[in-house]
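A quick write-up on the structure given underneath.
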Amino acid sequence: MAKAPAKSKNKVHIDAALDGAREFVLHPESNDLFVRTGKQVIEACQLGISVEVWLTELSGMLERVIRWAGERATRVRSCFVSPAGSKTVLFFVPTSEQFDFDLADELTDLTSELLKEYNVGMVELGQIPWAELDRFLDPRTAIHIYGEQQEPHRSVEA
Amino acid sequence: MASSKSHIDQWKHNREFLVTIPAAYPDWIVTVAFYVSLHAVDALLSHDKVAGVTRHDARNAVVIRTNRYLAIKKAYLPLYDLSRRVRYLADPSAWVPTHELQKNVVERYLYPIEKSVQRLIGVNLALPQISIGGV
Numbered sequence: 290m291a292k293a294p295a296k297s298k299n300k301v302h303i304d305a306a307l308d309g310a311r312e313f314v315l316h317p318e319s320n321d322l323f324v325r326t327g328k329q330v331i332e333a334c335q336l337g338i339s340v341e342v343w344l345t346e347l348s349g350m351l352e353r354v355i356r357w358a359g360e361r362a363t364r365v366r367s368c369f370v371s372p373a374g375s376k377t378v379l380f381f382v383p384t385s386e387q388f389d390f391d392l393a394d395e396l397t398d399l400t401s402e403l404l405k406e407y408n409v410g411m412v413e414l415g416q417i418p419w420a421e422l423d424r425f426l427d428p429r430t431a432i433h434i435y436g437e438q439q440e441p442h443r444s445v446e447a
Numbered sequence: 002m003a004s005s006k007s008h009i010d011q012w013k014h015n016r017e018f019l020v021t022i023p024a025a026y027p028d029w030i031v032t033v034a035f036y037v038s039l040h041a042v043d044a045l046l047s048h049d050k051v052a053g054v055t056r057h058d059a060r061n062a063v064v065i066r067t068n069r070y071l072a073i074k075k076a077y078l079p080l081y082d083l084s085r086r087v088r089y090l091a092d093p094s095a096w097v098p099t100h101e102l103q104k105n106v107v108e109r110y111l112y113p114i115e116k117s118v119q120r121l122i123g124v125n126l127a128l129p130q131i132s133i134g135g136v
């Protein structure tokens, strides 16, 4: 018979000076995993909401982004979310091999919508080419949320 | 806070450099075009007495959240994104082909930003047309 999971008893202190760069893994009930630095956890609190609410807002935002990308499946090949300092960056890979200027216009509208509808702090949306994903995505923190996924790089896989 | 005039001077200064860059360097054309637009935006923010904007994130947030800057936002954010990535690419010409520079980077993004800023601060700088690569 499986044992019930142990409950954490000790408080975890996050000190901006000591833990600002330290990574914390947040594991909500949805089983999504979020890796955030101490600095980002503190900044989420400074938004005036709890980390739990922030995660709920983030999940809602990502669901919206996935729907948005799905509605443009012929032009969006893949989408990733990645923390960058205090902001959340969403990377869109167009199906074209070059920057999609029309998609960029729509991403600007989506940026405004996300900032208006979801309380997650600053959000930045951008396009990156499929051929050079590894220039922009940190495999330790970026999360694939939509579309095609590249095979892991051998050195990362090992 | 630098004056609106000093940002206008730098806007023109960067513009003069932009037209000297050969079309074979799309990464640097995009990057300089962005910094032309950045000083145009900063001239406007200085004119509007918007203080404390020293970083891209802060500038983007002001541009996104201010209705008065709506027309600028639609061109500035894509140009920011393009410039932010293109200079790190191993093959920038594949991402932004030369034939897109005049039509999309200059005419679709840069001109509307410049036009809107001039309208909002009430000046006509009589800026010359930009021909990428001297085309």
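Line order of the protein sequences matches chains A and B. For any residue, its number in the numbering used here is found by taking its place in the first sequence, counting from 1, and adding 289. For any residue, its number in the numbering used here is found by taking its place in the second sequence, counting from 1, and adding 1. In this text, a Cβ means the ideal position worked out from N, Cα and C, and glycines have one as well.
Against residue i, what residues of chain A qualify as contacts under a CB-to-CB distance less than 7 Å, listed in chain order?
{"i": "B/Val97", "result": "Gln387 and Phe388"}
Name the chain B residues that come within less than 8 Å of residue i, Cβ to Cβ?
{"i": "A/Gly415", "result": "Asp82, Arg85 and Arg86"}
Which one of the options has the shortest CA to CA distance from residue i?
{"i": "B/Arg16", "options": "B/Arg56, B/Leu45 and B/Val31", "result": "B/Val31"}
{"i": "B/Leu49", "options": "B/Tyr36, B/Asp58, B/Val63 and B/Arg56", "result": "Per the sequence shown, the amino acid found at residue 49 of chain B is Asp instead of Leu. Selected option, being the one with the closest Cα: B/Val63."}
{"i": "A/Arg353", "options": "A/Ile417, A/Gln439, A/Tyr407 and A/Trp419", "result": "A/Tyr407"}
{"i": "A/Ser348", "options": "A/Val370, A/Gly327, A/Glu360 and A/Glu332", "result": "A/Val370"}
{"i": "A/Phe388", "options": "A/Gly374, A/Trp419 and A/Trp343", "result": "A/Trp419"}
{"i": "A/Gln416", "options": "A/Gly410, A/Asp304 and A/Phe390", "result": "A/Phe390"}
{"i": "B/Val87", "options": "B/Met2, B/Lys6 and B/Phe35", "result": "B/Phe35"}
{"i": "B/Ala76", "options": "B/Tyr89, B/Ala127, B/Val37 and B/Ala25", "result": "B/Val37"}
Given that a residue counts as buried once 16 or more other Cβ atoms are within 10 Å of its Cβ, and exposed if not, what is residue i?
{"i": "A/Thr400", "result": "buried"}
{"i": "B/His14", "result": "exposed"}
{"i": "B/Lys104", "result": "exposed"}
{"i": "B/Gln130", "result": "exposed"}
{"i": "B/Ser4", "result": "exposed"}
Answer with yes or no whether the minimum CB distance from residue i to chain B is below 8 Å.
{"i": "A/His433", "result": "no"}
{"i": "A/Asp304", "result": "no"}
{"i": "A/Phe425", "result": "yes"}
{"i": "A/Met350", "result": "no"}
{"i": "A/Pro418", "result": "yes"}
Would you verify that the beta carbon of residue i is, or is not, closer than 8 Å to some beta carbon of chain A?
{"i": "B/Leu90", "result": "yes"}
{"i": "B/Arg120", "result": "no"}
{"i": "B/Arg58", "result": "Looking at the sequence itself, residue 58 of chain B is Asp, so the reference to Arg does not match. At least one chain A Cβ lies under 8 Å of B/Asp58."}
{"i": "B/Asn105", "result": "yes"}
{"i": "B/Arg16", "result": "no"}
Just to make sure I have the definition right: I need the residues of chain B whose C-beta is within less than 7 Å of the C-beta of residue i. Which are they?
{"i": "A/Ala393", "result": "Pro79 and Asp82"}
{"i": "A/Glu421", "result": "Leu90 and Ala91"}
Proximal residues, the segment 61 to 79 of chain B versus chain A, C-beta separation under 8 Å:
Answer set for the segment 61 to 79 of chain B: Asn61, Ala62, Ile65, Arg66, Lys74, Lys75, Leu78 and Pro79.
Contact list for the segment 395 to 409 of chain A against chain B, Cβ threshold 7 Å
When C-beta distances to chain B are compared with 7 Å, the residues of the segment 395 to 409 of chain A below that value are Thr397, Thr400, Ser401 and Leu404, in chain order.
Residues in the segment 361 to 387 of chain A with C-beta within 7 Å of chain B's C-beta atoms, listed in sequence order?
Along the segment 361 to 387 of chain A, going in chain order, the ones with a CB nearer than 7 Å to a CB of chain B are Lys376, Glu386 and Gln387.
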